[in-house]
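Participant:
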Amino acid sequence: MTVLALPRHLAPPAEEAAGALEALVREVVATGTPRQALLLRLSRLPRALPHHLRLAMEALEPLTAADRARIFLLPNGDAAVVWRGPAAALLAETRTRLAMLFAGADDGEAGASAPKTALAVHLGLPEEADMLLAAATASVQPPAPAAPAAPRTPLDPATLGTLEEALGSADLSRFARRRPVCSLVTGEGMKLAWENRVLSLTELADTLVPGFDLEAAPWLFRRLTRILDLRMMALLSAPQELDQARPFALRLNIASILSPAFLRFDAALPSRLRGRVVISLRPEDVLADPPAFLFARGFAQARGFKLLLGGLTKLLAPAFPAEPGGFDHLELAWDPVLASTSLSRLGLRAERIVLSGVDSAAALDWARSQAIPLVTGPFARPA
Amino acid sequence: MSLALTAAPARPVPLPTRARRGARAGELLLADVLEREARAPQGRIAVVVRLSRLPPPGPRPYHRRVARALLEDCAQRHGGQVLQLSAGDLVLLAPAPPTQLADPSGSPMALPGLITRLLHMDEQGAEPAAFAVTLAEGAARLQALLEDTSAPHVEEEAVARPRNPFAGRLSPGFAPLAPDAVSRLLSGSMAELLQRRAVARLPGRGEPAALMHTVHQMLAVDSAQLAARLAHRPDGTAQAGSDLPHDPWLSRHIEAELGRAVLALLRQAWGSGTPADAAPRPRVPPVLLRLPLAVLAGAEFAAFAALPHGASKPAIAIAIAEAAADATAFADVRAMLREAGMMLVLDGLTHHALVLARPEVLEPDFVALAWSTALPRLADARREEVAEAVARIGPARLVLTGADSEPALRWGRALGIQLFQGTHVDAMLAATRQLSCPHATVCGLRACTQRAIAATAVGRAGCARPDLLDGLGVAGMLLQSSTHQHAARGLT
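Encoded structure:
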């Protein structure tokens, strides 16, 4: 089998192929680089036989001559070729071979709209990357299902009180996490805009109040964020903590901005970060006490902080025009239903938007189509 | 450069009466510095923040904290010192800044503008909250501060709080929740916490006053009662957690607990009757309940909604902060209420919120706007924004809540608002009742108003014509029977 003798960079071993394909597709999506792919779904044959693999290699062989072609033999028997630029003749030859070698099987369709039974699917990247990613993910045998997690108890006021007391002295630095927010630069992939500094709530709950779900009672959770804010600001105010820090964002309650802890944090902020720290607020907090919000906004902006309004959804965004709130950024949560609408129909202007929860190529694609400058989520990784 | 404040003055400083009485360090130091400047001018300046002159409800702790931080930051960078006077005003004494500063925004002279913007955001003709003067030219103005006895004495913010072991390490204004605070709140009689507040339609210009009528009876938790219940242990001692209603998030959680209890109370009161028994209720104004989304989406509300309400379908108020926290849940509840034929009122909006958000996008039937004495005094630009928002929503869909005075009604009616709620409305309704009540001279307006507000039989005691106390009848119609009183106690 000649194809199996391909150099490693062209055809990684089967056990690495799914990960390698996924990495390539994410990179293509992140950079917006056009690529083409042919996905050969041998696992969908009614009775996949060992010789099918050899037939597939023979069928795909012409495409390996395309520019920057890479072939992936996935663990479940599927195969994919990804290449750059036009290769109509090579693709046509491949299709002919497929028709001959897999006579009787459906021999190929174009695009993600191809019927589920189609043996071969020709995809344009990054637009149709989700289908290729799904194939890579599905090709790996899922691990045996773990025993179902015991249901967690919602936080109650008495436990909240105990937890607040415990948080007064617990070391929270081990729960601190950084999540990148990236700017989308055409043709250059993503660049880090800032890091969201957050606490891992699951780990915190597992350590301090095992068995409890901190977020199940939403208003008690919001109350808990008061003390988490104070501890987070104290963490950041510690000597040397901010010396090497990159620009970052903190989600804070308005009451926290007006607390002595914030004044200490503000005093500890090095001048090189002044004007590069984002404070993220929630709409319910803004509306709970608008005079406090307006005061905090004026104060924070006078001290050079950028303000972000988070928690916006397709339903909520039209109710919060950016201008009256004086926000530098509006964070819109990705939802597949957004794909059928546009920012202008939601009354939003792209230049202030951060699209959060970007977990698919479709999300990233929509962000690019709307000229959204900033994204965060599993698909937001700085180059 | 720091100010030389330690050397003794050449002659005794004539301290004004107030400063002598209070013997406060701030007044003493300011008097000292003024005296020295008079003898040997050094061109120093003072930036004064008149927190004592903020309009009601006056400065909140964070106003003082942040203003002080801004002054101290400036003092640190330019040299100087911050004093607090006993009325709460803050004074920064600093050397005069150079006329050409690399960053003029960091100059002490820029502080009054910033602080005034922060403190007086939208009131017309308000006295500037801060000003800067040279000590030489502003001596008389500063001397007047020392002699000002019109403002109340203000203590500096307490750093430590009793019963709060983390006060020093955390933050003033934040105390861990007392573990029993919420359960204690919910441990008393629910009916005693409730009030019935009328939402009335006021006649338009030229229409007879008799057209004023109650369109909804809002069943609301009396915040004073709630605070009283929290502030004291059964043994009468004050305790931590009494600031609980001031925490917006805990308040929401408590509202959910109270809402479930109120629904249970109403189901007990109304659910025991057959549809025929419920027949008189269409004659009384429908009840208006403020409930959190979590309660509206739950089984308790479904059971309440299934009661035979007849033509008096309850109306439901939802705080806009609830809708903002979970717009999807809000949309689901809105659809459910529409299907049940119940009106949706979006409430919890101040005039600031009306400008920051667009409540009409959330498609409520009514929007409740909280009255503020600042409304008639808004600066031109802000007044126009509020008027635009009212026009956008539609004045016929607005309810002005907390209307406690004639100016409130005047302001609302000038914008075309017809629905009002508040103590002034309660008093007007009582006055109307008394016109046709033969016992009016015995009771008086105040007693009649209070009885109409009361939600328990005890609160209505003494009224000889309870039929005139138009309303829901939780107390008057249903809870008077021993069964229902028992039901109310059952919630305790």
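Protein chains in written order, with my numbering: chain A, 1 to 383; chain B, 384 to 875. In this text, a Cβ means the ideal position worked out from N, Cα and C, and glycines have one as well.
In chain A, which residues lie less than 7 Å from I703 of chain B when you measure between Cβ atoms?
Facilitator: Going along chain A in sequence order, the residues near I703 of chain B (Cβ under 7 Å) are L287.
Participant: Taking C-beta to C-beta, are L783 of chain B and L737 of chain B nearer than 8 Å?
Facilitator: No.
Participant: For the beta strand (DSSP E) containing F749 of chain B, name the first residue and the last one.
Facilitator: Counting along the chain, the beta strand (DSSP E) containing F749 of chain B begins and ends at F749 to A753.
Participant: At least one CB of chain D closer than 8 Å to the CB of F299 of chain A: is that the case?
Facilitator: The chain inventory of the structure shown lacks chain D, comprising the protein chains A and B.
Participant: Within 8 Å (strictly less), CB to CB, does F295 of chain A reach chain B?
Facilitator: Closer than 8 Å to some Cβ of chain B, the Cβ of F295 of chain A qualifies, so yes.
Participant: Assign A659 of chain B to one of two classes, buried (16 or more other C-beta atoms within 10 Å of its C-beta) or exposed (fewer than that).
Facilitator: In this prediction, A659 of chain B has a pLDDT of 38, which is less than 50 and means its spatial position is unreliable; what the coordinates show is noted afterwards. So A659 of chain B ends up on the exposed side.
Participant: Give me the chain A residues within the contact set of S566 of chain B, using Cβ-Cβ distance strictly less than 8 Å, ordered along the chain.
Facilitator: Simply P157 and A158.
Participant: Which of the three DSSP states is assigned to D730 of chain B in this structure?
Facilitator: Correct three-state label for D730 of chain B: strand.
Participant: Any idea what DSSP makes of R843 of chain B, helix, strand or coil?
Facilitator: Of the three classes helix, strand and coil, the one that applies to R843 of chain B here is helix, per DSSP.
Participant: Looking at C-alpha atoms only, which residue of A:A333, A:P239 and A:M233 is the closest neighbour of G168 of chain A?
Facilitator: Comparing Cα positions, the closest option is A:M233.
Participant: Output needed in chain order: residues of the stretch 421-435 of chain B with a Cβ under 8 Å from some Cβ in chain A.
Facilitator: Hits within the stretch: zero.
Participant: Name the residue from A:L40, A:T137, A:L38 and A:A65 whose alpha carbon lies nearest to the alpha carbon of E16 of chain A.
Facilitator: Of A:L40, A:T137, A:L38 and A:A65, the residue nearest in Cα terms is A:T137.
Participant: Curious, which full-length alpha helix (DSSP H) runs of at least 4 residues does the stretch 330-377 of chain A contain?
Facilitator: 361-369, all fully within the stretch 330-377 of chain A.
Participant: For R766 of chain B, go through chain A and note every residue whose CB falls closer than 7 Å to its CB, in chain order.
Facilitator: Those do not exist, as R766 of chain B stays about 15 Å from chain A at its closest Cβ, beyond 7 Å.
Participant: Work out the CA separation of S200 of chain A and A383 of chain A for me, nearest whole Å.
Facilitator: Computed Cα separation, rounded: 25 Å.
Participant: Kindly indicate which residue of B:A704, B:H734 and B:F684 has the alpha-carbon position closest to the one of P324 of chain A.
Facilitator: That would be B:H734, whose Cα lies nearest to the Cα of P324 of chain A.
Participant: Near Q370 of chain A, what residues of its chain come up, given a Cβ to Cβ distance below 6 Å and the 5 sequence neighbours on each side ignored?
Facilitator: The answer, listed in chain order, is L343 and A350.
Participant: Going straight from the alpha carbon of L263 of chain A to that of R443 of chain B, what length do you get?
Facilitator: Each residue's alpha carbon lies about 16 Å from the other.
Participant: With DSSP as the reference, please indicate the residues paired to C826 of chain B in a beta bridge.
Facilitator: The partner list for C826 of chain B (beta bridge, DSSP) is empty, contrary to what the question assumes.
Participant: Classify Q301 of chain A as helix, strand or coil using the three-state DSSP reduction.
Facilitator: Of the three classes helix, strand and coil, the one that applies to Q301 of chain A here is helix, per DSSP.
Participant: Along chain A, in chain order, which residues have C-beta atoms closer than 8 Å to that of V449 of chain B?
Facilitator: Within 8 Å Cβ-Cβ: L258, L263, F295 and F299.
Participant: Spell out whether any CB of chain B is found under 8 Å from the CB atom of G161 of chain A.
Facilitator: Yes, contact with chain B.
Participant: Below 8 Å on C-beta distance, what does R643 of chain B contact in chain A?
Facilitator: Per Cβ cutoff of 8 Å: no residues; R643 of chain B is ~13 Å from chain A at best.
Participant: So within the stretch 153-223 of chain A, which uninterrupted beta strand (DSSP E) runs reach at least 3 residues, ignoring any that extend past its ends?
Facilitator: Fully enclosed beta strand (DSSP E) runs of 3 or longer: 176-185 and 189-199.
Participant: What does a CB cutoff of less than 7 Å around F687 of chain B pick up in its chain, not counting 5 residues either side in sequence?
Facilitator: Closer than 7 Å at Cβ, skipping near neighbours: L646, L649 and R650.
Participant: Which whole-angstrom value describes the C-beta separation of A363 of chain A and W334 of chain A, a residue pair presumed to lie in contact below a C-beta threshold of 8 Å?
Facilitator: Indeed they touch by this definition, with Cβ atoms about 4 Å apart.
Participant: Is there a Cβ from chain A that is less than 8 Å from the Cβ of P511 of chain B?
Facilitator: No - not a single Cβ of chain A is within 8 Å of the one on P511 of chain B.
Participant: Going by the CB atoms, is the gap between L258 of chain A and A292 of chain A shorter than 8 Å?
Facilitator: Against a cut-off of 8 Å, the Cβ pair of L258 of chain A and A292 of chain A comes out as a contact.
Participant: How about R246 of chain A: is its C-beta nearer than 8 Å to some C-beta of chain B?
Facilitator: Output row for R246 of chain A: interface = no.
Participant: Using C-beta distances below 7 Å, list every residue in its chain close to A698 of chain B, excluding the 5 sequence neighbours before and after it, in chain order.
Facilitator: Contacts found: H599, P669, L671, M725, M726 and V728.
Participant: If we count the other Cβ atoms within 10 Å of its Cβ and call it buried at 16 or more, is L781 of chain B buried or exposed?
Facilitator: With 16 or more other Cβ atoms within 10 Å, it is buried.
Participant: Rounded to whole angstroms, what is the Cα-Cα separation between L417 of chain B and A522 of chain B?
Facilitator: So the two alpha carbons sit approximately 7 Å from each other.
Participant: Report yes if the C-beta distance between L802 of chain B and V582 of chain B is below 8 Å; otherwise report no.
Facilitator: A contact, by the Cβ cut-off of 8 Å.
Participant: In chain order, what residues of the same chain lie with their CB nearer than 6 Å to the CB of A268 of chain A, ignoring the 5 residues before and after it?
Facilitator: S237.
Participant: Given a cut-off of 8 Å, decide if A79 of chain A and L125 of chain A are closer than it, judged by their beta-carbon atoms.
Facilitator: No, Cβ-Cβ distance for L125 of chain A and A79 of chain A is not below 8 Å.
Participant: According to DSSP, is D243 of chain A part of a helix, a strand, or is it coil?
Facilitator: Coil.
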